[in-house]
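Counting from 1, one number per residue, gives the positions in the sequence shown under the numbering used here.
A short write-up of the structure that comes next.
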Amino acid sequence: MLPSSHMKRQEASENGRTGAVSIRSVAERAGVSIATVSRVLNTPDKVSQATAERVREAIEDLEYRPNLFAKGLLTKRSRVIGVSLPDIHGEFYSELMCALDDRACALGYHLLVSSNAHRVERGPGNGFALDLVDGMIVMLTERTGVDIEGISKLSHPAVVIGFDEPGLEVETIVVDNQTGARKAIEHLLSGNTPDRCYFVGAHRGNIDSDERLNAFCAALRERGHEPRSDQIARREFSFDWGWEWAEGMIDEGLLEDVAVFAANDEIAIGIANAARDRGVDIPGSLRVVGFD
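Spelled out as structure tokens, the structure:
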């Protein structure tokens, strides 16, 4: 009697694909037609319970994995969702990807991820010309260089995260940066004067950072203070940038009895860690709030 693993390899070899098991092998093992195996995989309610169980046992015994691309040719559906992100590094994007993947798996879908499909330099629509996907999730963080025309002309359902404007004819999800930022800044202003508050964010043109900065400046102006240029620091959403900014402020003796509104949590953590390492009292001498 041959070991089951050898039988699987032998059956795969007979089907012309080393290491792969075909739907024909499953049908032969279960004693049913290929069409019946397909129905068990796609519309199990149309197959008797006894037959479905027999097919599932054959699938498990042979460790059969359906070929999604071949299946898509027949069903016209790939059960793949394309995800276009501006970046794939950092805790924020990791958490976002985990959440998307968990939900997609629960609904029987897979994800195909790109970090630049939405960029206009790829040519109108090039990054989205994917016949492999049933839909797209696109996250935008910049106001420039975005292929709005390509996104609007997508032939499959799409959702845009983080950006909305007239002419973008798809569903959108946006963060209420104004309200969230104002609440954070009002909290800081409850214990510090406007002239002792700072904003540390990302580069000009980043949607979230720009909107959070606007809320910061508006809150200070309402308190009768026009923000000074030295109260605003902009570069990137990163721990290192927060750390570097805090180090520079400490070296100049400026990080005492102040409040900082960081445009994301990574910046805030970098500021807080650098301050603690240099002996700054938090929250006694320094109060920090991050918004993510």
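Quick reminder that beta carbons are idealized off the backbone N, C-alpha and C, glycines included.
DSSP on residue i, reduced to helix/strand/coil?
{"i": "PRO124", "result": "Annotation note: pLDDT 39 at PRO124 (below 50); position unreliable, no value reported."}
{"i": "ALA259", "result": "strand"}
{"i": "SER285", "result": "coil"}
{"i": "THR141", "result": "coil"}
{"i": "ALA20", "result": "coil"}
{"i": "TYR198", "result": "strand"}
{"i": "THR193", "result": "coil"}
{"i": "GLU252", "result": "coil"}
{"i": "GLU53", "result": "helix"}
{"i": "ILE151", "result": "helix"}
{"i": "ASP61", "result": "helix"}
{"i": "SER33", "result": "coil"}
{"i": "ASP87", "result": "coil"}
{"i": "GLY180", "result": "helix"}
{"i": "GLU95", "result": "helix"}
{"i": "GLY270", "result": "helix"}
{"i": "ILE103", "result": "Note that residue 103 is Arg in the sequence shown here, rather than Ile. Reduced to three states, the DSSP call for ARG103 is helix."}
{"i": "ARG278", "result": "coil"}
Spatial neighbours of residue i within its chain, please: CB distance less than 6 Å, with the 5 preceding and 5 following residues excluded, ordered by chain position.
{"i": "ALA215", "result": "GLN178, ALA181 and ARG182"}
{"i": "LEU132", "result": "SER78 and VAL80"}
{"i": "LYS46", "result": "ARG39"}
{"i": "VAL55", "result": "ALA30, VAL37 and VAL40"}
{"i": "GLY123", "result": "For GLY123, the predicted structure reports a pLDDT of 46, less than 50, and the residue's modelled location is therefore unreliable. A value from the coordinates is still provided. Correct list: empty, nothing qualifies."}
{"i": "HIS187", "result": "none"}
{"i": "ASP164", "result": "THR172 and VAL174"}
Return no unless some Cβ of chain B is closer than 9 Å to the Cβ of residue i.
{"i": "GLY248", "result": "Note that chain B does not occur in the displayed structure, where there is just one protein chain."}
Can you name, in chain order, every residue of its own chain whose Cβ lies under 8 Å from the Cβ of residue i, other than the five neighbours on each side?
{"i": "ASP208", "result": "THR141, GLY162, VAL175, ASN177, ALA202, ALA263 and ASN264"}
{"i": "GLY224", "result": "PRO194"}
{"i": "ILE306", "result": "It is not possible to answer for residue 306, since the shown part of the chain is limited to 1 through 292."}
{"i": "PRO44", "result": "ALA52"}
{"i": "THR144", "result": "GLY205"}
{"i": "ILE282", "result": "ALA272, ALA275, ARG276 and VAL288"}
Measure from the alpha carbon of residue i to the alpha carbon of each residue in the options, then state which is nearest.
{"i": "TYR198", "options": "ASN206, GLY167, THR172 and ARG234", "result": "ARG234"}
{"i": "ARG287", "options": "ARG29, THR144 and GLU256", "result": "GLU256"}
{"i": "ALA274", "options": "TRP245, PHE92 and GLY284", "result": "TRP245"}
{"i": "ALA259", "options": "ILE173, THR144, GLY191 and ASP61", "result": "GLY191"}
{"i": "PHE261", "options": "ILE250, ILE232, TYR109 and GLY145", "result": "ILE232"}
{"i": "ASN42", "options": "ASP101, GLY31, ARG29 and PRO66", "result": "PRO66"}
{"i": "GLU91", "options": "ASP281, ILE269, VAL32 and VAL280", "result": "ILE269"}
{"i": "SER229", "options": "ASN206, VAL200 and GLU252", "result": "VAL200"}
{"i": "VAL295", "options": "ARG143, MET136 and VAL26", "result": "It is not possible to answer for residue 295, since the shown part of the chain is limited to 1 through 292."}
{"i": "VAL289", "options": "HIS89, ALA184, LEU220 and GLU222", "result": "ALA184"}
{"i": "ASN206", "options": "GLU236, HIS89 and HIS187", "result": "GLU236"}
{"i": "VAL146", "options": "ALA106, LEU100, LEU85 and SER94", "result": "LEU85"}
{"i": "ASP61", "options": "ILE34, TYR93, GLU28 and HIS89", "result": "GLU28"}
{"i": "LEU254", "options": "PRO227, GLU226 and SER285", "result": "SER285"}
{"i": "LEU189", "options": "CYS217, ALA104 and SER94", "result": "CYS217"}
According to DSSP, which residues form a beta bridge with residue i?
{"i": "GLU299", "result": "In the structure as shown, the chain begins at 1 and stops at 292. Residue 299 is therefore absent and cannot be evaluated."}
{"i": "VAL40", "result": "VAL40 is not bridged to any residue."}
{"i": "ILE81", "result": "LEU111 and GLY135"}
{"i": "GLU222", "result": "Its beta-bridge partners do not exist; DSSP assigns none."}
{"i": "ARG235", "result": "ALA202"}
{"i": "ALA158", "result": "MET136"}
{"i": "THR172", "result": "VAL160"}
{"i": "GLY290", "result": "ALA262"}
Looking at residue j and residue i, is the spacing between their C-beta atoms short of 9 Å?
{"i": "PHE291", "j": "ARG212", "result": "yes"}
{"i": "LEU111", "j": "VAL138", "result": "no"}
{"i": "GLY242", "j": "GLU266", "result": "yes"}
{"i": "SER155", "j": "GLU169", "result": "no"}
{"i": "ASP87", "j": "SER115", "result": "yes"}
{"i": "ILE173", "j": "VAL159", "result": "yes"}
{"i": "VAL26", "j": "ILE59", "result": "yes"}
Beta-carbon within less than 7 Å of residue i's beta-carbon, same chain only, minus the 5 sequence neighbours each way: which residues are those?
{"i": "PHE239", "result": "GLU266, ILE269 and GLY270"}
{"i": "ASP134", "result": "ARG77, SER78, ARG79, VAL80, ILE81 and HIS156"}
{"i": "ALA219", "result": "ARG182, ILE185, GLU186 and LEU189"}
{"i": "TYR93", "result": "LEU85 and ASP87"}
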